[in-house]
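What follows is a set of notes on a single structure, which appears directly below.
Residue numbers (UniProt numbering), protein chains in the order written: chain G, 1 to 446; chain Y, 1 to 792.
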């Protein structure tokens, strides 16, 4: 049972607030900001405020906050907030302060329908259409390309995967626009990589988390049929039993609109696609996900005069031909006593800088082709070098994105849309992207 | 409609709006009219007071445009309680709207109507509510059902009069799924004092049959409700499990957690299902633990932490890598993961996990680093075969320049060394290199000094390091450090480094005896001085005994026992506190599950609210509506072992020093009164006894030092008095409950209040009044020597 749901800008301005139960007095947003302002970094998403709790998350730079006086399920509340942000995006087109302010009437309509007296009534874009009367006011498209697939990219600053301009349009749900709405469906296959590679290049941990995300502008009666790799296997009964398949999912789950009658035999998903954005399937692969290791690192240390430490890093791509990684940002912590750093950069399209305050080197590469290599020599000037100085270097976190590629080799083999009301097949857009979630190399020598 | 009395900052703006409203009023449904209204509401949401336009706004609700109506309702609900008279007008409009063609309008009108806080609302609302509950539109019925819960809050008698409870039991059979869910929610509120909706096998079966119709949120509600249901026979169980199974593939973690909670409730009844359930649940937990949404991940981790203990067959040990920190994890997730790794230790992965933790100790975030070090320590304390590896890791970490973790490393190492003294060498040899890093940390320095005193006899530098500190004693302020310095110097002096220590020890003793303001330090110095003066050899004998004792047990923090079945999948898990500690809401807003009474007498309305202290800290408090007397034990349950993870026994409370001091200060107290050593009394019993004894003695005295509950508990134990419970130390006055039992069998009870000014007030109630005076003296004696100077 939720008492408040409100949206705040990062400065603390309330964009919309709805009080559902009227049982917590006071200026709640102000109290909330007092609590979080001092410890933005480490504050937890659930805060006991004395008699009631705040549950909050930050999305696209906005704070979404719930209060409750009850011993509610935190998972449920966070799922609700998540779902609410998707609703806002579906109805308003983009999720940012400008768009929400412009569409505040719509936002209040949604707030009014999603919860009643603190009980969740429904968050389905499709079902809410009946009760929502206002239309979205679109903000200029220049802005809207910044709409990111934030549900997949978990972290605020990382807004690197952008959905296409087209899919950032609000759903035209009511009024005259509804008639000539576009007959389109966007399907994104997104995989996040979690890889940890030890000093000697050994793979300590690897994991692929993937989603099939659908954004449908179809009429709501359409059925999307999606065929996946036929040799897909879900679950492994015994960790060591051999399974003869190219893709083994440890686990997968499906959206409620997905019918699985053909999944077991033909790996077909049929989706009674509701309007709006939703995740049709998500899956997780661990095992020996060696396919997740698409970058390799070679390091070389040179000590000169007990004053200079040179570190050469060579980053190699083991991606199959025709694929490339792009927007690669490597962050390498330097020893605390480093006084200055200079670089020797091999290869083109890369830059490096040393952030003195944080003692980290940021190495930025635009692109790394299949089989290619980018290298850098970091020359550290360390006045007081001792035997443990080297151990302070690293670990190196790498962020990147591989367009049109899925590390797991999952694919949509066929895709059909059956719409009884339309003869023509709608436009179907499919996009594959793999990106790093936590791709880490340890480089400090033992 | 002149309401110009309200002084409004942008008055010109308000009058522009008012004019605009008047101008457009004639064309009721024009676009301009709606836009003006939208402007008013926009001002309202930005915090501008536009209440003076109430009259105009109420008029504007007479429209066919639903968008416009919604805006006006939003406005009315915001300002209605400020304008009682005008609200009457609004009520009429709303009631009229209850007859609108459009179900959305009817629903909205009813919802808004029930939100108004008006005198006499029950009279107005009666008819609309009834018609809403039987409306042909599901939307209106959904609103109406929840309106019952809304109205119950302010007008419970109305709801009882309309006999809504039985009506809502009938709407559970509604054909609309959301109406069913709302009925359950509303019943849980209006029947809160009886423990909410009652689930018999009919309702349970019915809900299961319709389970797939409910939205995911509805499913969560139903699952929560079903945990209250006791399964009757095996066929029912199999049916339930089969129906639940597909929902373990749900995406909504709230639903998943609710399913797991239900499974756990079943396992509780039928333990042999445990391993099957564990196999089914494991992949799901692992998947949520790597959720891209940090908040959901965090919540899941807290729940998994509990499940690891409750469901050993989960064997997440083989998946420990899922709980390694990720680069992109926020601090709170990293901290949680680091802490959990201690639980995931097995013989196979011990090495890997300790390695991983020592990497995490170097995390750029201080908090993560500290937690990682603490977790390594916890692992070593729990698994003696890991001690060596942990100590090696600590000594490696100590050489890396990370000033912020040096203190915690030293404190942790000291703890380990103290328990495993044969492994001390690794550290002691490092001490000279570490001095520069602990300059800013008193605690770190205290640890170093303690280590030097205890193990430094073989290290050539030790006397000189101490000498350095002794030369700057005037700059030290922290008594804990001073005490350590004092005992370390004594130890070195008496353990074979006398020639090097004599001068500086003399200087130290002289300074502390002459100049020191802190009584503890001064007294200790004086004591040492006298020991040395009386008999050096005797002193040497005392000091040559090593202070560390391998038997020494450091309590490992155990998870607070939450009442698992009712508190799983709730905030209690996140806070790791029973909900009674942070939920303050009173009826009718009870959501905590109701526990059936053990005996019918318990149902008497005059019963006291009570917290079952020692036996069941996690059990949800039953809240019985009319609490006539303030509850007796209205304090938090303190868990002595709980915070030990952070507070390593600080070096100042040196075990050695205790051994030394205790026999000197208080030899076995003179027995005034014969008390049974390990008397046991439950908190319930205590409360009952306390109420049964009416005569009370009050004794008040001043303490010199505030006792910490832990010390006090130990000391009182010597006097055969048991400290049963205490309020959190930060709450003033501190409230404590103690008891003792006389050898003849009668009980002696004490309730004390200690104020921040160290005034102690004790209320003593004894069963045998003949013992009253002697017990009072005995009780007071228990403070003398520890927290009170002897009576002059």
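Note that the Cβ used here is the ideal one computed from N, Cα and C, for glycine as well.
Please read these numbers as outputs of a predicted model, since none were measured by experiment.
Q. By a C-beta neighbour count over all protein chains shown, 10 Å radius and 16 as the cutoff for buried, is residue 351 of chain G buried or exposed?
A. Looking at its Cβ environment, which holds fewer than 16 other Cβ atoms inside 10 Å, residue 351 of chain G is exposed.
Q: Whole angstroms is fine: what's the gap from residue 272 of chain G's alpha carbon to residue 109 of chain G's?
A: Cα-Cα distance, rounded: 26 Å.
Q: Please list the partners that residue 287 of chain Y has in chain G, where partner means a Cβ-to-Cβ separation under 9 Å.
A: In chain order: 209, 250, 251, 252, 253, 282, 283, 284.
Q: Starting from the C-beta of residue 339 of chain G, find all residues in its chain whose C-beta is less than 8 Å away, skip the five residues before and the five after it, and write them out in chain order.
A: Sequence-distant Cβ neighbours of residue 339 of chain G in its own chain, meaning closer than 8 Å and more than five residues away, are 381, 382, 383.
**Q.** Inter-stretch contact (C-beta, 8 Å, three-pair minimum) for the region 39 to 56 of chain Y and the region 99 to 117 of chain G
**A.** Touching, yes, given that three or more Cβ pairs across the two stretches are closer than 8 Å.
Q.
Let's test the definition: count the other Cβ atoms within 10 Å of the Cβ of residue 437 of chain Y and tell me whether it reaches 16, buried, or not, exposed.
A. Residue 437 of chain Y comes out buried.
Q.
For chain Y, check one thing: does any of its Cβ atoms lie closer than 7 Å to the Cβ of residue 91 of chain G?
A. Judged by the 7 Å Cβ criterion, residue 91 of chain G is not in contact with chain Y.
Q: Taking residue 266 of chain Y as the reference, give the member of Y/241, Y/135, Y/510 with the closest Cα.
A: The residue with the shortest Cα to Cα distance from residue 266 of chain Y is Y/241.
Q. Going by DSSP, which residues form a beta bridge with residue 266 of chain G?
A. DSSP, once it has assigned bridges, lists no residue as partnering residue 266 of chain G.
Q. Taking DSSP as the reference, what is the three-state secondary structure of residue 365 of chain G?
A. Three-state DSSP puts residue 365 of chain G in a strand.
Q: Just the C-alpha distance for residue 126 of chain G and residue 108 of chain Y, rounded to the nearest angstrom, thanks.
A: One Cα belongs to residue 126 of chain G, the other to residue 108 of chain Y, and the distance between them is close to 20 Å.
Q.
Following a CB-centred definition, is residue 50 of chain Y positioned closer than 6 Å to any heavy atom of the ligand GTP?
A. With respect to small molecules bound, the structure shown includes none, and the ligand GTP cannot be examined in it.
Q) In three-state terms, what does DSSP make of residue 57 of chain Y? A) DSSP places residue 57 of chain Y in helix when its eight states are reduced to three.
Q) The beta strand (DSSP E) with residue 794 of chain Y in it runs from where to where? A) Look at the range of chain Y in this structure, 1 to 792, and you will see that residue 794 of chain Y is not part of it.
Q: Kindly identify the DSSP beta-bridge partner or partners of residue 119 of chain G.
A: According to DSSP, residue 119 of chain G bridges with G/116.
Q. Can you list, in chain order, the stretches of the beta strand (DSSP E) that have 3 or more residues and sit fully within the region 60 to 113 of chain G?
A. Segments of the beta strand (DSSP E) lying fully in the region 60 to 113 of chain G: 62 to 68.
(Q) Check for me: the beta strand (DSSP E) holding residue 213 of chain G runs from which residue to which? (A) If you look at residue 213 of chain G, you'll find it in the beta strand (DSSP E) that goes 203 to 216.
Q: Mind listing, in chain order, the continuous alpha helix (DSSP H) runs of no fewer than 4 residues lying wholly within the region 693 to 721 of chain Y?
A: Whole alpha helix (DSSP H) segments, 4+ residues: 709 to 718.
Q. Can you tell me whether DSSP reads residue 252 of chain Y as helix, strand or coil?
A. It is coil, neither helix nor strand.
Q: Taking residue 391 of chain G as the query, report the chain Y residues whose CB atoms sit under 7 Å from its CB, ordered along the chain.
A: The CB of residue 391 of chain G comes closer than 7 Å to the CB of 400 in chain Y, given here in chain order.
**Q.** Sequence-distant residues of the same chain with beta carbon closer than 6 Å to residue 205 of chain G, five excluded per side
**A.** The beta carbon of residue 205 of chain G lies closer than 6 Å to those of 196 in the same chain, with the five residues before and after it left out.
Q) Can the beta-carbon of residue 332 of chain Y be found closer than 7 Å to that of residue 356 of chain Y? A) For the 7 Å CB-CB criterion, residue 332 of chain Y and residue 356 of chain Y do not form a contact.
Q: Using alpha carbons as the reference points, say which of G/267, G/346, G/192 lies closest to residue 293 of chain G.
A: Of the listed residues, the one whose Cα sits closest to residue 293 of chain G is G/192.
Q.
Which residue marks the beginning of the beta strand (DSSP E) containing residue 353 of chain G, and which one marks its end?
A. That run of the beta strand (DSSP E) goes 350 to 355.
Q. Interface residues of chain Y around residue 46 of chain G at Cβ under 7 Å?
A. 571, 574, listed in chain order.
Q: Indicate whether residue 375 of chain Y and residue 424 of chain Y have their beta-carbon atoms separated by less than 7 Å.
A: It is not a contact, given that the beta carbons lie outside the stated cut-off.
Q. What residues match up with residue 333 of chain G in a beta bridge as DSSP calls it?
A. Beta-bridge pairing by DSSP links residue 333 of chain G to G/360.
Q | Residue-level contact to chain Y via CB, residue 440 of chain G, 7 Å cutoff | A | Closer than 7 Å: yes.
Q) Checking contacts by CB at 7 Å: is residue 17 of chain Y closer than that to chain G? A) No, its Cβ sits nowhere closer than 7 Å to a Cβ of chain G.
**Q.** Opposing strand residues paired with residue 375 of chain Y [DSSP bridges]
**A.** Bridge partners of residue 375 of chain Y according to DSSP: none are assigned.
Q. Counting along the chain, where does the alpha helix (DSSP H) carrying residue 337 of chain Y start and finish?
A. The continuous alpha helix (DSSP H) containing residue 337 of chain Y extends over residues 331 to 341.
Q. Based on the DSSP output, what are the partners of residue 43 of chain G in its beta bridges?
A. Its beta-bridge partners do not exist; DSSP assigns none.
**Q.** Start and end residues, alpha helix (DSSP H) containing residue 286 of chain Y
**A.** Element bounds for residue 286 of chain Y: 274 to 289.
Q) Does the distance from the C-beta atom of residue 450 of chain G to that of residue 54 of chain G stay below 7 Å? A) With chain G covering only 1 through 446, there is no way to say anything about residue 450 of chain G.
Q: Taking only the alpha-carbon atoms, compute the straight-line gap between residue 124 of chain G and residue 98 of chain Y and give it to the nearest angstrom.
A: Between the C-alpha atoms of residue 124 of chain G and residue 98 of chain Y there is a straight-line separation of about 26 Å.
Q: Write down every uninterrupted run of the beta strand (DSSP E) in the region 358 to 432 of chain G whose length is 3 residues or greater and which is fully enclosed by it, in chain order.
A: Here the runs fully enclosed are 360 to 369, 373 to 381, 396 to 403, 412 to 418.
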